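Below: the structure, in structure tokens.
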Amino acid sequence: MPLQFKLSKTWKCALIGGLVPAAFTLVDVLRSASDITFQGLFLGGVIAGYLVKRHGGTGTAAGVRVGLIGGIPALWSLKELMVAIPTIPNPLWFRVVGVGMALVVGVLLLVVPMVVGGLAGRFGGWLAERQGHPRVPTAGS
Numbered sequence: 339m340p341l342q343f344k345l346s347k348t349w350k351c352a353l354i355g356g357l358v359p360a361a362f363t364l365v366d367v368l369r370s371a372s373d374i375t376f377q378g379l380f381l382g383g384v385i386a387g388y389l390v391k392r393h394g395g396t397g398t399a400a401g402v403r404v405g406l407i408g409g410i411p412a413l414w415s416l417k418e419l420m421v422a423i424p425t426i427p428n429p430l431w432f433r434v435v436g437v438g439m440a441l442v443v444g445v446l447l448l449v450v451p452m453v454v455g456g457l458a459g460r461f462g463g464w465l466a467e468r469q470g471h472p473r474v475p476t477a478g479s
């Protein structure tokens, strides 16, 4: 029996809105790891939020996923830092702190695009509602 993998509507819309920003982020990282701009992330979040809201989903959730998809290539910039930390002639505790700080930067490289994508997705959902697309039903209605 073949393994079937079915994406939810939120993930499908997030992939539509997130693949182009991910490509731009990857190009930025490969060009210069110190100059990452997350181009197109807001627009991708708006598109995903709009599309998923048209199908009754939540724009914020799609936008957060767009931010995750668009931010993952930025983690590639940490590669050089993680390779350099053990080679620096410093005490062990200093290297441990350096690795910890690099991990914090890695988390921020994912959290910031996810927040921006979530806000953009919420805005895209709001645009869809303004165009007359249905709201998500509330509990008990």
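In terms of the working numbering, the sequence shown opens at residue 339 and continues consecutively.
Ideal Cβ placement from N, Cα and C applies to all residues, glycine included.
Just so we're clear, the structure is a prediction, and the values are computed from it rather than from any experiment.
Listed in chain order, the alpha helix (DSSP H) runs fully inside the segment 380 to 443 are 397 to 409 and 416 to 422, counting runs of at least 4 residues. Residue range 347 to 369 is occupied by the alpha helix (DSSP H) that includes GLY355. Residue environment: SER372 is assigned as exposed (fewer than 16 neighbouring CB atoms within 10 Å of its CB, all protein chains considered). For VAL384, the CB contacts under 6 Å within the same chain, skipping 5 residues up- and downstream, are ALA458, PHE461 and GLY462 in chain order. Distances from the alpha-carbon of ILE410 to those of THR363, GLY355 and VAL435 put THR363 closest. DSSP places PHE376 in the coil class of the three-state scheme, outside both helix and strand. At a Cβ-Cβ threshold of 8 Å, ALA352 and VAL404 count as neighbours. Taken through DSSP and simplified to helix, strand or coil, PHE461 comes out as helix. Of MET452, LEU413, TRP464 and VAL442, the smallest CA-CA separation from GLY356 is found for MET452.
Spanning the alpha carbons of GLY436 and LEU447 requires a straight line of approximately 16 Å.
Across the set VAL358, TRP414 and GLY397, the C-alpha of TRP414 shows the shortest separation from the C-alpha of LEU368. Rounded to whole angstroms, the separation of the alpha carbons of GLY470 and VAL443 is 41 Å. In the structure shown, GLY456 adopts helical secondary structure according to DSSP, grouped into three states.
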